[in-house]
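Asks: Residue numbers (our numbering): 1 to 402.
Ideal Cβ placement from N, Cα and C applies to all residues, glycine included.
Here it is: the structure, laid out below.
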């Protein structure tokens, strides 16, 4: 599939008017050796019958990416955005029968194989992401609440995502049929990611010996949340850390760090502690390269009420409480920087797209848009960046090319 559009490395014969912004981006593209986003999607297989191909697949993909980037949250919105910007899109897209209808967007995106769509996304990220080595990569799942269809017996889909905390990019995602299937989805996601030298953090659902072993095989480290699903190890860890949690004036085997933050009238004190003295633990067999156990105690005070919560972890890191604290804080970032933003700025939990592979493929489009918006340094929130992309084709081109 050849992509005759400026997003995919325009040729010198491209005949659209260039203002100074697009001219500078065009020059940067010509010098760049990295494939562009649409070049990475050029290997998609068209799932339609030949007799039903009134619109080019590349046109549909371009319009869908631009629409979601510019504030559209469903197929109707994408089609409406295309109609509003028809003359601009016509400068570099074929559009043999005009802008596709919303039904066409829905039908085609429901047919595209999600494995291919995900693979194209991964190729793009690997091409544009800065070196991820050494940074924290949280992996966590999110349910798309309204993607269920009771009439067809279809439950809401659950997407597991990997987030590069320093680059602030979604590195990949994978659909599971239910939250419990994260145990099988996480290894599949890890297999396609380059995580060498990184610290992988996962919540208790992914605290599994097989997952820890795979992370070590891929030359990364892990910090995994430990709960009572590993009953005996959890009891041993909580008992050991309870003995060592409070320094008593002696030389402790327990490294300790405390932080305080105050925001909007709420005071939060976090106490981190780790130890690598694991000789008394009897249930660490099968855990690859387990080197430390750790605890985080969060004390929150708001409106005169104080609550305390403790969380426990196992990890392959050397005993370094500051690095452990960085890993734990980094994991919380996927909730704030990905899941919350997808709900607030993209209204993901309100999406009623349900047919075929469409919910999963639309989730990938949101992740593409989120990554492109994150890469832009304009001082605006994600929601307002989407609005600006819808208003300004110059800004839209900047997001796609910059």
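Would you kindly work out how many angstroms separate the C-alpha atoms of residue 382 and residue 118, rounded to a whole number?
Replies: Position 382 of the chain shown, counted from the first residue, corresponds to residue 382. Position 118 of the chain shown, counted from the first residue, corresponds to residue 118. Residue 382 and residue 118: Cα-Cα distance of roughly 23 Å.
Asks: For residue 222, does the count of other Cβ atoms within 10 angstroms reach 16, so buried, or fall short, so exposed?
Replies: As a first step, residue 222 is located in the chain shown; it is residue number 222 there, counting from the start. So residue 222 ends up on the buried side.
Asks: Near residue 259, what residues of its chain come up, given a Cβ to Cβ distance below 7 Å and the 5 sequence neighbours on each side ignored?
Replies: As a first step, residue 259 must be located in the chain shown, where it is residue number 259. Correct list, in chain order: 270.
Asks: When you compare each of 210, 184, 181, 216 to residue 194 by their alpha carbons, which one comes out closest?
Replies: Residue 194 sits at position 194 when you count from the first residue of the chain shown. The residue with the shortest Cα to Cα distance from residue 194 is 216.
Asks: With a 10 Å radius around its C-beta and 16 neighbouring C-beta atoms as the bar for buried, classify residue 45 as buried or exposed.
Replies: One-based indexing of the chain shown puts residue 45 at position 45. Under this definition residue 45 is an exposed residue.
Asks: Give the range of the alpha helix (DSSP H) segment to which residue 359 is assigned.
Replies: Sequence index remark: in the chain shown, residue 359 carries index 359 (1-based). Where residue 359 is concerned, the enclosing alpha helix (DSSP H) stretches over 358-375.
Asks: Counting only the same chain and skipping the five closest in sequence on each side, list residues whose C-beta sits under 8 Å from that of residue 380.
Replies: The sequence position of residue 380 within the chain shown is 380, counting from 1. For residue 380, where only same-chain residues beyond five positions count, the Cβ hits under 8 Å are 388.
Asks: How should residue 113 be labelled, buried or exposed, when 16 other C-beta atoms within 10 angstroms of its C-beta is the threshold for buried?
Replies: Residue numbering aside, residue 113 sits at position 113 when the chain shown is read from its first letter. Exposed, by the Cβ-count rule.
Asks: Quick one: Cα of residue 211 to Cα of residue 199, how far?
Replies: Mapped onto the chain shown, residue 211 falls at position 211. Mapped onto the chain shown, residue 199 falls at position 199. The straight-line gap from Cα to Cα measures roughly 13 Å.
Asks: Round the Cβ separation of residue 341 and residue 372 to the nearest angstrom and send it over; I've been treating them as touching at under 8 Å.
Replies: Mapped onto the chain shown, residue 341 falls at position 341. Mapped onto the chain shown, residue 372 falls at position 372. Wrong, their Cβ atoms sit about 13 Å apart, outside the cutoff.
Asks: Pull up the distance between the alpha-carbon of residue 42 and that of residue 386, whole angstroms please.
Replies: As a working note, residue 42 is residue 42 in the chain shown. As a working note, residue 386 is residue 386 in the chain shown. Between residue 42 and residue 386, the C-alpha separation is close to 25 Å.
Asks: Leaving out the 5 sequence neighbours to the left and right, which residues in its chain are closer than 7 Å to residue 219 when beta-carbon positions are compared?
Replies: Here the question's residue 219 lines up with position 219 in the chain shown. Cβ neighbours of residue 219 beyond the five flanking positions: 196, 197.
Asks: Among all the DSSP beta bridges, which residues are the ones paired with residue 329?
Replies: As a first step, residue 329 is located in the chain shown; it is residue number 329 there, counting from the start. Paired residue(s): none; residue 329 is not in a bridge.
Asks: Classify residue 74 as buried or exposed, calling it buried when 16 or more other Cβ atoms lie within 10 Å of its own Cβ.
Replies: Translated into positions along the chain shown, residue 74 becomes position 74. By the 10 Å Cβ count, residue 74 comes out buried.
Asks: Answer with buried or exposed for residue 344, where buried requires no fewer than 16 other C-beta atoms within 10 angstroms of its C-beta.
Replies: Numbered from its first residue, the chain shown carries residue 344 at position 344. With fewer than 16 other Cβ atoms within 10 Å, it is exposed.
Asks: So who's on the other strand from residue 158, going by DSSP bridges?
Replies: As a position in the chain shown, residue 158 is number 158, starting the count at 1. According to DSSP, which records beta bridges pairwise, residue 158 is partnered with 143, 176.
Asks: From what residue to what residue does the beta strand (DSSP E) around residue 255 run?
Replies: Translated into positions along the chain shown, residue 255 becomes position 255. Start and end: 255-263.
Asks: Pick helix, strand or coil for residue 32, following the three-state DSSP scheme.
Replies: In the chain shown, residue 32 corresponds to position 32, counting from 1. At residue 32 the pLDDT is 48, less than 50, meaning the model places this residue with poor confidence; the figure from the coordinates comes in the next sentence. Here residue 32 sits in coil by DSSP.
Asks: Could you check whether residue 137 and residue 147 sit closer than 7 Å to each other, using their CB atoms as the reference points?
Replies: Position 147 of the chain shown, counted from the first residue, corresponds to residue 147. Position 137 of the chain shown, counted from the first residue, corresponds to residue 137. Not closer than 7 Å, so no.
Asks: Classify residue 228 as helix, strand or coil using the three-state DSSP reduction.
Replies: To locate residue 228, count along the chain shown from 1; it is residue 228. It is helical.
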